[in-house]
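Data first, discussion second: the structure below is written as C-alpha cells.
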Amino acid sequence: MDKYKILMIDDETNILTAFKFFAEMKGDFEVLIASSGVEGLEAARKNKPDVITLDVMLPGEDGIEVLRQIRNDESIKDVPVIMLSGVETESSRKAAEGLNIEEFLPKPVEMEDLLHRINIIKAKNSISKQE
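Under this note's numbering, the residue at position 33 of the sequence shown is numbered 30, and the numbers go up by one with no gaps.
Quick look at the structure:
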C-alpha cells in the first residue's frame, strides 16, 4: 500500500524537518517539503500529494496566491489544503476559506494536533473513495 503523501509548504525549515520526522515516525506517511510557493507548486504537480499544508507567509508569492494557483490547476485542484499562519488576519482567513480549504490553523501548531487533523482528512477521503 502506498504511503499517504503530505506536502508541507513553509519557509521555516525547522518546522519542515521536525514535522517530517514526527509524521513519518508516527504513521504510514511520506512527507514532502518545500520552502517556497514556487517550489511547493512544482512538488504538488509532480507528486500529487494527498494533502497539503500551506503557510500564509512565504517568500515571493504568499500562501493565498499559491492556494489560488492550486485551485486553478486541474491536476491538483481537489487536493485538501490546511492553511497555517503565524499572523492571522481576517482578510487572509476569508480569502483562504473562499478558496475551499479544510482548515485554517494558527502557528505555532502542535505537531500532534496537525497530524490528528491530517488523519481526519485521510479517513474522510478513504471513506469517499470506497463509496
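C-beta: ideal position from N, C-alpha, C; glycine also.
Since we're looking at a predicted model, the values are computed, not measured.
Is residue i buried or exposed, if buried means 16 or more other CB atoms sit within 10 Å of its CB?
i	result
Val84	exposed
Phe26	buried
Ala15	exposed
Pro103	exposed
Ala120	exposed
Thr50	buried
If you reduce the DSSP assignment to three classes, tell me which class residue i lands in.
i	result
Ser32	coil
Lys2	strand
Ile117	helix
Enumerate in chain order the residues of its own chain whose CB-to-CB distance from residue i is below 6 Å, with the five nearest sequence positions on each side excluded.
i	result
Ile67	Ile73
For residue i, which residues of its own chain have a beta-carbon under 8 Å away from its beta-carbon, when the five flanking residues on both sides are left out?
i	result
Lys0	Asp25, Phe26 and Glu27
Give the single residue among the options whose Cα lies nearest to the Cα of residue i.
i	options	result
Val78	Glu109, Ile12, Ile117 and Phe18	Ile117
Ser33	Ser88, Asn11 and Asp52	Asp52
Phe18	Ser123, Leu112 and Ile124	Leu112
Does any CB atom of chain C fall closer than 9 Å to the CB of residue i?
i	result
Ile79	Annotation note: the requested chain C is absent from the structure, which comprises a single protein chain.
Who are the Cβ neighbours of residue i in its own chain at under 7 Å, not counting the five residues just before and after it?
i	result
Thr10	Ser32
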